[in-house]
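J.:
Protein chains: 2
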Amino acid sequence: MDPSLVPFGKPRAERADAVRNREHLLRTAREMLAELGADKVTMDGLAERAGLGKGTVFRRFGTRAGIFRALLDADERHFQEQVLSGPPPLGPGADPAERLIAYGRARIAFILDHHALARASMERHQSMPPGEPGVSQLHIRALLGQARMEGPGLTALSLQLTAALEGPLLLPASRMWDAENPPDADEIERFLGDGWQTLIERVMR
Amino acid sequence: MDPSLVPFGKPRAERADAVRNREHLLRTAREMLAELGADKVTMDGLAERAGLGKGTVFRRFGTRAGIFRALLDADERHFQEQVLSGPPPLGPGADPAERLIAYGRARIAFILDHHALARASMERHQSMPPGEPGVSQLHIRALLGQARMEGPGLTALSLQLTAALEGPLLLPASRMWDAENPPDADEIERFLGDGWQTLIERVMR
């Protein structure tokens, strides 16, 4: 083997290995999450089930919450890809109002589906969920622009529509519903999705 | 003095005394807040300036944050009175869309004016401001009803409009603006007030 290749070849091989480890760990963590629930996924348990050293898991994720954050980040990236280049009406190709309605419904479902994961991804004493609240706002702002809505209040309007979409999902559930008889996730999804559709249809008609 | 009056007369006298103490303490706390800022208002300082015992201040407010909560509650009650029976368009007598716009602008100003007080009224480690987010929602829901808007999405719509109104004011400021060059409270009030007006005009036209 030509020794001049080693400085490039060696790191490349290590990197491929690290990528494989990472994907294996995320896949294993996801299996454990589905089978056991977030409470039962630990650093030690993950290392053992993945057949990797505890040091590898710690270096990769830092903390137990870091495991969940990595899963959430991967799902968030996938969601954003659907918005940027997936099929319409969530992806490009439908008219802006239809896309806004589809975005809101998909975002509501995503946040509801990831509620336990988002909680588990927060470090102790952290009070706001991490992530990019700006992503929804930028998308909503862009679609209002594509609809040729204009005016001085448009940036504020996009901020307020983002709050309208995501705010109710951040409230403690007891403030929204009858605590004795809470609706299930499907009912919440339909309730908020219908409200969002009414709001967008009225704002953009 | 007729001894049969004592069981009624005595508590009544004490109660009047307690009300006076309470009003005196709140007035003194408000003076200290205006002169010194929230950080410098302490239980000891308040007792000294009010010329009352520390025990009275502790029994009245419980904690330092309790002082600010009492001030905030008093202002909140005054705000609600303006909405329920003050002059239009904030109070009754204007049409529902005008009242909603006026309510939003007044609420934005109220929250901005009470930002420091609301922070100071939170106990350590408490992550959500106390108070009644439901008050705005009930008022918004009632005005949508008065405008004869109907439909299955109306309760969700009132929840989402409440989030649109109050949500942006709960975000850490750095997520909303250029952290290097933040706008002052008057600019924020105008920015969000104009956005709210645009939103309501579009929703209710």
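As you go down the protein sequences, you meet chains A and B in turn. Take the first sequence: its letter number 166 is residue 166 in our numbering, and every next letter is one higher. In our numbering, each residue carries its 1-based index in the second sequence increased by 205. Backbone N, C-alpha and C fix where the C-beta goes; we use that ideal spot for every residue, glycine too.
Of all the CB atoms in chain A, is at least one closer than 9 angstroms to the CB of B:R408?
T.: Note that residue 408 of chain B is Val in the sequence shown here, rather than Arg. Output row for B:V408: interface = yes.
J.: What residues in the region 133 to 161 of chain A have a beta carbon less than 8 angstroms from any beta carbon of chain B?
T.: Under the 8 angstroms Cβ criterion, the region 133 to 161 of chain A contributes P133, G134, G151, P152, G153, L154, T155, A156, L157, L159, Q160, L161.
J.: Spell out the partners DSSP gives B:A299 in its beta bridges.
T.: Its beta-bridge partners are B:P297.
J.: To which residues of the same chain is A:A112 closer than 8 angstroms at the C-beta, ignoring the five residues directly before and after it?
T.: The question names Ala, but residue 112 of chain A is Leu in the sequence shown. Here the set comprises L169, A185, I188, E189.
J.: At a CB-CB cut-off below 8 angstroms, which residues of chain B make contact with A:L112?
T.: Within 8 angstroms Cβ-Cβ: nothing; A:L112 doesn't reach chain B, min ~14 angstroms.
J.: Take the Cβ of A:H114 as the centre, count every other Cβ of all protein chains shown within 10 Å, and call the residue buried at 16 or more, exposed below.
T.: Buried is the call here.
J.: Compare the C-beta of B:E371 against all C-beta atoms of chain A and say whether one is closer than 9 angstroms.
T.: Chain A contact via Cβ: present.
J.: Rank A:A16, A:A70, A:E123 by C-alpha distance to the C-alpha of A:T28 and give the top, closest one.
T.: It is A:A70.
J.: Which residue's Cα is closest to the Cα of A:A109: A:G134, A:A163, A:L192, A:G153?
T.: For A:A109, the nearest C-alpha among the options comes from A:L192.
J.: Closest by CA to B:Q365, which one among A:G167, A:T155, A:L157, A:L154?
T.: Among A:G167, A:T155, A:L157, A:L154, the Cα nearest to that of B:Q365 is on A:G167.
J.: Report yes or no: do three or more beta-carbon pairs, one from the region 290 to 309 of chain B and one from the region 341 to 358 of chain B, lie closer than 8 angstroms?
T.: At 8 angstroms Cβ cutoff, the stretches touch.
J.: Given a threshold of 16 other Cβ atoms within 10 Å of its Cβ, counted over all protein chains shown, does A:A116 qualify as buried or as exposed?
T.: With fewer than 16 other Cβ atoms within 10 Å, it is exposed.
J.: Alpha carbon to alpha carbon, how far is B:A311 from A:R64? Give it in angstroms, no decimals.
T.: Cα-Cα distance, rounded: 44 angstroms.
J.: I'd like to know whether the C-beta atoms of A:G153 and B:Q402 end up nearer to each other than 9 angstroms.
T.: Their beta carbons are under 9 angstroms apart, which means A:G153 touches B:Q402 by this criterion.
J.: Cα separation between A:E123 and A:P88?
T.: When rounded, the distance between both Cα atoms is 36 angstroms.
J.: Give a yes or no on whether 9 angstroms exceeds the smallest Cβ distance from B:L155 to chain A.
T.: Lying outside 206 to 410, the shown extent of chain B, residue 155 of chain B is not represented and no answer is given.
J.: Quick one: give me the first and last residue of the alpha helix (DSSP H) that A:P47 is part of.
T.: The sequence shown places Ala at residue 47 of chain A, rather than the Pro named in the question. Unbroken alpha helix (DSSP H) run through A:A47: 43 to 50.
J.: Taking 6 angstroms as the limit between beta carbons, can you name the residues of its chain near B:A325, skipping five residues before and five after?
T.: Cβ neighbours of B:A325 beyond the five flanking positions: A243, F273.
J.: What's the gap between the Cα of B:A252 and the Cα of B:Q287?
T.: Going by the C-alpha atoms only, they are around 32 angstroms apart.
J.: Find the residues of chain B that neighbour A:A65, judging by a C-beta separation of less than 7 angstroms, and give them in chain order.
T.: Those within 7 angstroms of A:A65 in chain B number zero; the least Cβ separation is about 16 angstroms.
J.: Thinking B:G309 and B:L370 are a contact (beta carbons under 8 angstroms), I'd like their distance in whole angstroms, please.
T.: Contact flag correct, Cβ pair sits at about 5 angstroms.
J.: The alpha helix (DSSP H) that contains A:M204, what's its start and end?
T.: A:M204 -> alpha helix (DSSP H) spans 185 to 204.
J.: Tell me which same chain residues have a C-beta within less than 8 angstroms of the C-beta of B:P335, skipping the five on either side of it?
T.: Confidence at B:P335 is low in this model, with a pLDDT of 42, below 50, so the placement of that residue should be treated as unreliable; the coordinate-derived value is given next. Around B:P335: R274, S326, M327.
J.: In three-state DSSP terms, what is B:T268?
T.: Here B:T268 sits in coil by DSSP.
J.: Of all the options A:L199, A:N21, A:E76, which has the alpha carbon lying nearest to the alpha carbon of B:A368?
T.: Nearest of A:L199, A:N21, A:E76 to B:A368, Cα basis: A:L199.
J.: Whose Cβ in chain B lies nearer than 7 angstroms to the Cβ of A:A163?
T.: Simply A368, A369, G372, P373.
J.: Straight-line CA distance for B:R282 to A:D194?
T.: Approximately 33 angstroms between the Cα atoms of the pair.
J.: Using the C-alpha atoms, what's the distance from B:T360 back to B:L257?
T.: Taking the straight line joining both Cα atoms gives about 48 angstroms.
J.: I'd like to know whether the C-beta of A:F191 is nearer than 9 angstroms to at least one C-beta of chain B.
T.: Output row for A:F191: interface = yes.
J.: Grouping DSSP H, G and I as helix and E and B as strand, with all else coil, what is A:H114?
T.: Residue state, collapsed to three classes: coil.
J.: Do you know how far the Cα of A:A118 is from the Cα of A:A50?
T.: Rounded to the nearest angstrom, the two C-alpha atoms are 23 angstroms apart.
J.: Return yes when the Cβ of A:A102 is within less than 9 angstroms of the Cβ of A:L90, no when it is not.
T.: Result yes, Cβ atoms of A:L90 and A:A102 sit closer than 9 angstroms.
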